[in-house]
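Numbering (our numbering), first residue to last: 960 to 1120.
Even glycine gets a Cβ: it sits at the ideal position worked out from N, Cα and C.
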Amino acid sequence: MSHWHPDYADRKRDAEEVEDTDQHAVYGAEARVVQKPNHVFSEFDSCVALVDAITQSPYWYERGGDFALVQPIACYRQRDNARSRGGHWDAEWAIRLNRRNWNVLAICHELAHVMTFWRHTLPKGHAREFRTEYLSLVRYVAPDLAGELSRVFVEAGLEVD
960 MSHWHPDYAD RKRDAEEVED TDQHAVYGAE ARVVQKPNHV FSEFDSCVAL
1010 VDAITQSPYW YERGGDFALV QPIACYRQRD NARSRGGHWD AEWAIRLNRR
1060 NWNVLAICHE LAHVMTFWRH TLPKGHAREF RTEYLSLVRY VAPDLAGELS
1110 RVFVEAGLEV D
């Protein structure tokens, strides 16, 4: 168990009870968003730089509150045959990106999982709270993509706050 927050154990235990009913709908909506070349990275270091820029920004600190001040979010290269992920492993917050996900949307998607845990106590899943955090991150990082992501969410019936 991590020692950085007193109710972390309760939140982690609750993770197993969360159903992910909107996962496929969110993935389908994302697939319809066309990213420009400047939103896709050929070098992993560019992914790390974007994660650091986001998670060291006033936006991140304001949105994440006390949680965002605790420790940095690590960014790891994931095997190509594994899914990209965002969450808490081995006493650190991290996102893991496979080569297919070296892009702005995937990075914001995985960071939104972390922020959703902090703000809404939802440790996994793609529910409304996750989509709200996701869209907020995309608006901060790439406003031009946010409009398209919002549109495809609406078309798919995926509500956000």
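Please list, in chain order, all residues of the same chain as Y1020 whose beta carbon is under 7 Å from its beta carbon, the five residues on each side excluded.
-> As a position in the sequence shown, residue 1020 is number 61, starting the count at 1. Same-chain partners within the cutoff: A1027, L1028.
Excluding sequence positions up to five away, which residues of its chain have a Cβ less than 6 Å from the Cβ of L1009?
-> What you label residue 1009 is simply residue 50 of the sequence shown in a count that begins at 1. So the qualifying residues of the chain are I1066.
Beta-carbon separation of P996 and T1014 under 8 Å?
-> If you number the sequence shown from 1, residue 996 lands on position 37. If you number the sequence shown from 1, residue 1014 lands on position 55. Not closer than 8 Å, so no.
Between H1072, Q982, N1057, which lies nearest to N1040 when the distance is taken from Cα to Cα?
-> Locating residue 1040 in the sequence shown gives position 81, counting from the first residue. It is N1057.
Which whole-angstrom value is the C-beta distance of A1071 and L1108, which I expect to be below 8 Å?
-> Residue mapping note: residue 1071 aligns to position 112 of the sequence shown, counting from 1. Residue mapping note: residue 1108 aligns to position 149 of the sequence shown, counting from 1. About 11 Å; that fails the 8 Å criterion.
Have a look at T980, R1059, G1084, V1073 and flag the residue whose alpha-carbon is nearest the alpha-carbon of R1042.
-> Within the sequence shown, numbered from 1, the residue matching residue 1042 stands at position 83. Comparing Cα positions, the closest option is R1059.
Between the CA atoms of A1012 and I1054 - distance to the nearest angstrom | As a first step, residue 1054 must be located in the sequence shown, where it is residue number 95. As a first step, residue 1012 must be located in the sequence shown, where it is residue number 53. The straight-line gap from Cα to Cα measures roughly 14 Å.
With E1118 and R1087 assumed to form a contact (beta carbons below 8 Å), what rounded beta-carbon distance in angstroms separates them?
-> Start at 1 with the first residue of the sequence shown, and residue 1118 comes out as number 159. Start at 1 with the first residue of the sequence shown, and residue 1087 comes out as number 128. Going by Cβ atoms, the distance from E1118 to R1087 rounds to 5 Å, so yes, they are a contact pair.
Ends of the beta strand (DSSP E) at L930?
-> Not covered by the structure: residue 930. The range shown for the chain is 960 to 1120.
Which residue or residues does DSSP assign as beta-bridge partners of G1045?
-> Taking the first residue of the sequence shown as 1, we reach residue 1045 at position 86. DSSP output for G1045 lists I1054 as bridge partner(s).
Nonlocal neighbours in the same chain, by C-beta distance under 6 Å from R1098, ignoring five residues either side | Your numbering for residue 1098 matches position 139 in the sequence shown. Within the same chain, R1098 has close Cβ partners A1105.
If you compare alpha carbons, which of Q1037, L1064, A1033, R1038 is closest to A1050?
-> As a first step, residue 1050 is located in the sequence shown; it is residue number 91 there, counting from the start. The residue with the shortest Cα to Cα distance from A1050 is A1033.
Expressed to the nearest angstrom, what Euclidean distance is found between the alpha-carbon atoms of A974 and P1102?
-> For the purposes of this step, residue 974 is taken as residue 15 along the sequence shown, with counting starting at 1. For the purposes of this step, residue 1102 is taken as residue 143 along the sequence shown, with counting starting at 1. At A974 the pLDDT is 48, less than 50, meaning the model places this residue with poor confidence; the figure from the coordinates comes in the next sentence. Rounded to the nearest angstrom, the two C-alpha atoms are 31 Å apart.
Closest Cα partner of T980 within the set R1110, V1100, R1090 = Locating residue 980 in the sequence shown gives position 21, counting from the first residue. Per the Cα distances, R1090.
N- and C-terminal bounds of the beta strand (DSSP E) containing R1036 | By 1-based counting over the sequence shown, the position of residue 1036 is 77. Note, R1036: beta strand (DSSP E), 1033-1036.
Residue(s) in a DSSP beta bridge with V999 | Taking the sequence shown and counting its residues from 1, the one referred to as residue 999 is at position 40. Paired residue(s): N1062.
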